[in-house]
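Accompanying notes for the structure given below.
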Amino acid sequence: MDVEALRTFVAVAGAGQFQAAADELGISQQAVSKRVAALEKYLGVALLVRTSRGSRLSLDGQVFLPHAKKVLTVAEEAEQAVRPGARPLRVDVLNRRIAPAQAVYRFYRSRPEASLDAVTLAEENAVQAALAVLEGTIDASFRALPADQVPAGISAERLLDSPLELLVGPSHPLASAAWVRPTDLAGHRIWIPGIRPGTEWAQFYRSLSQAFGLSIDALGPDFGDEALMDALADSASLATLVGSEDRYLWPQSYYLRRIPLREPTPLYPHALLTRTGDQHPVLTALRDHLRASRPRTTDEVWVPDWVAH
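First residue of the sequence shown? That's 1 in the UniProt record's numbering, and the numbers climb one at a time after it.
Below, the structure is given as structure tokens:
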């Protein structure tokens, strides 16, 4: 059933004249007549009775009118539901403790009227997250996606680089250092539980290990962040890597140390993945916010050469 024909019929029923309905809809009287005639032909009944003074509803038209209005209301609601800005922007931040979640939260605090949902696709790798964006399951995702794996129809802009820091307990040999070079970590065990084969973070840490001769492993079960903090506090040799803006909590008595890495500073490069041409106003505002707040640094940095820019 033609929605425009329904809209035209309702307009004629309300105005009582074809010309008045044509003026209301911004079309010709001939177009109004054709639409109504096509609707009547489709239904097999006469909806309007033409008179010298205009038109009036037939008995079938009186029965049909309230249903036509309901259909138009549903059609309008359907259009509004998917119109840019009419629904919340769905953004995948991967993990609520790490930099993307903090960046999206800062954006929301700066624009509390923005309608958005932060979700975590923790089980999907970067390619799967990109496909979720492409399919419309989510509107955007922060991922370190290899340049040769960016699907057609996806735009990837590196807007959130997260400098890595060393996290150690008070007995670790590097605990008193103001900062360390990545090469200083050679020979120290760096434990990052939860690294899964086939994920972009597994590829990132593999590249980091190869670049600086590091020993990074995910051996043993992942019992969560709290268990990791417990292990670091009790160990004189164990270390892990975290982003400078990642939010992890531990008891004050653990005396854990976050130590910056420099010369060079390894960056975990989060690219914002979006559908090419997506005009959602909150997405535009988020992208502008990230561009404006992106930190500038003169320090030497390192990122894997496979990352999409």
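The C-beta atom is built at its ideal place from N, Cα and C for all residues, glycine as well.
As the structure is a computational prediction, the values presented were derived from the model and not from experiment.
Asked: Local conformation of residue 321 per DSSP, three classes; Found: Since the displayed the chain opens at 1 and closes at 309, residue 321 lies outside it and no answer follows.
Asked: Cβ-Cβ distance between R247 and L159 below 8 Å; Found: no
Asked: CA nearest to the CA of R291, picked from A271, Q30, H280; Found: A271
Asked: Pair within 8 Å by beta-carbon distance, L241 and R189; Found: no
Asked: Close beta carbons around L267, own chain, < 8 Å, minus the five adjacent residues each side; Found: D161, S162, P163, L164, V301, W302, V303
Asked: Helix, strand or coil at H289 according to DSSP, with G and I counted as helix; Found: helix
Asked: Secondary structure of V180, DSSP reduced to three states; Found: strand
Asked: The region 206-221 touching the region 137-148, judged by at least three CB pairs closer than 8 Å; Found: no
Asked: 8 Å contact criterion, which Q149 and V127 should meet: CB distance rounded; Found: 5 Å
Asked: According to DSSP, residues forming a beta bridge with P146; Found: V307
Asked: Cβ shell of T276 (< 6 Å), same chain only, five flanking positions each side left out; Found: G153, S155
Asked: CB of T199 within 8 Å of CB of N125, strictly; Found: yes
Asked: Boundaries (first-last residue) of the alpha helix (DSSP H) holding A233; Found: 225-234
Asked: Whole-number beta carbon distance between I259 and L166, since they are thought to touch under 8 Å; Found: 4 Å
Asked: Buried or exposed by the 16-neighbour rule on C-beta atoms within 10 Å, applied to T274; Found: buried
Asked: C-alpha gap between A202 and K69, whole angstroms; Found: 56 Å
Asked: Supposed contact pair T120 and R87 - C-beta distance, whole angstroms, cut 8 Å; Found: Not a contact, Cβ separation roughly 19 Å.
Asked: Beta bridge counterpart(s) of S162 as assigned by DSSP; Found: Y268
Asked: Spatial distance of F223 from I192 (CA atoms); Found: 12 Å
Asked: V45, enclosing beta strand (DSSP E) - first and last residue; Found: Element bounds for V45: n/a, residue is neither H nor E.
Asked: Residue-level contact to chain D via CB, I195, 8 Å cutoff; Found: Protein chain content of the structure displayed is limited to a single chain, and chain D is not contained in it.
Asked: Residues that DSSP places opposite I259 in a beta bridge; Found: L166
Asked: Top-ranked residue by Cα proximity to P281, from R90, T8, K34, P170; Found: R90
Asked: Within 8 Å, strictly: CB atoms of A15 and E24; Found: yes
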